[in-house]
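Here the working numbering is used: the first residue of the sequence shown is 190, the next is one more, and so on.
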Amino acid sequence: MKYSKLAIEILRDEEKSIYYDPIYHGRTLKIFGIDDDPLRVLKYIADGYRKLGYGAIIFDTHGEFPEDGFDTVLKIEDGKPAGLDPIRMAKKGMMDLYSAATLLQTVYELDRVLTDRLYADILRGKISSVPEAARAGEKYSEVIMESYTALDEAFYGGEPPELGRSILVNLGEAHSVSVVGTAFLVLAAAVEKRRGVMVGVDDAAVLAYTTAGSAAMPLLTRPARKRLTVLGTRYAIDSVLNIAGPTLLLYTDPDIQSVIYESNGVPPGAMRRHVHKGRGALITRTTETVSVEEGELLSQPL
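Put into structure tokens, the structure is as follows:
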């Protein structure tokens, strides 16, 4: 098979090398496994694309990804300022003002009318931060305050961070799923238009659990030139299984392996090979065929 210059060798079977190529296979690779296997493969792929001159943007829910080589390291913790106020970030040029309003629409379930009112107030300078929007005494303020907590207040505090070319977002110390989901959504919106980057997400199923997190996924997995996304997870759930793109199946329980093969349209029989420890199966599809290539993992310890 022909490969592009962005192909990365991820498996090896005897004398044969097996590559993931975002150009020919699809720009979102899903990795399913147990323990720290998906994270190890994610690091291996990120290192590979760094060598090709790509930046790396990593969202890590476990807090185990090494910090070496990143321009920006963000540690999200409950009750501590993160500076991820979308309104203030928009005023610094990190996203447009309407995007900031729609992020709050998603997080606090504003309707379209209230979102437009909030956007108008941001546009004319009446509102310059999320805490101000919550206390403005407007109809949108009432809706925001229904779910606004002290954790939100702390989260939006502090100066918006400078986002370098390579970014590590450590979510391992945050236990509030709403804080994690909001951080994921705001940062996904801030880097959505970047090119020449590899975006890594682990654990994708955990981050997609909240409304905010599930809204962030399309921002990062929409096909775009000079960008690819790698989703690592330990859970075979529909929100991840249904995302278009090839699948790297690692060792996990037999019934979960079966679910993953089924979701990828792999026919019953010899193609559904049981994946053992230290090995993986790359499942790729075209409009006419499905292919399964198995080999030894090339990932290294964290």
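For each residue, glycine too, the CB sits at the ideal point set by N, CA and C.
Helix, strand or coil: which one does DSSP assign to VAL464? In the structure shown, VAL464 sits in coil (DSSP, three-state: anything other than H, G, I, E or B).
Can you give me the start and stop residues for the beta strand (DSSP E) that GLY370 sits inside? No beta strand (DSSP E) contains GLY370, which is instead part of the alpha helix (DSSP H) from 366–380.
Give me the residue from TYR243, ARG229, ASP226 with the minimum Cα distance to GLY385. Closest option to GLY385, Cα to Cα, is TYR243.
Under 8 Å between the Cβ atoms of LEU218 and VAL419? Yes. Within cutoff.
Same chain, Cβ closer than 8 Å to GLU362, neighbours up to 5 away in sequence not counted: Excluding positions up to five away in sequence, the list reads GLY252, LYS264, ILE265, GLU266, ASP267.
How about GLY402 and LEU396: are their beta carbons less than 8 Å apart? Cβ atoms of GLY402 and LEU396: closer than 8 Å.
On the three-state DSSP scale, how would you describe GLU485? Strand, per DSSP.
Taking 8 Å as the cut-off, decide whether the C-beta atoms of TYR345 and LEU299 are in contact. Their beta carbons are not under 8 Å apart, which means TYR345 does not touch LEU299 by this criterion.
Helix, strand or coil for GLU198 per DSSP? DSSP places GLU198 in strand when its eight states are reduced to three.
Closer than 8 Å is the cut-off here; do at least three beta carbon pairs connect the stretch 347–363 with the stretch 320–338? No: fewer than three Cβ pairs fall under 8 Å.
Run through the DSSP bridge pairs and tell me what LYS281 is partnered with. Its beta-bridge partners do not exist; DSSP assigns none.
Going along the chain, which residues of its own chain have a beta-carbon closer than 6 Å to the beta-carbon of ALA377, five neighbours each way excluded? Excluding residues within five positions, the ones whose Cβ falls inside 6 Å are ALA405, LEU408, LEU409.
Three or more C-beta pairs closer than 8 Å, one from the stretch 458–466 and one from the stretch 206–214: is that the case here? Under the 8 Å Cβ criterion, the stretch 458–466 does not count as touching the stretch 206–214, having fewer than three qualifying pairs.
Rounded C-alpha distance that separates ASP224 from LYS280: Rounded to whole angstroms, ASP224 and LYS280 show a C-alpha spacing of 41 Å.
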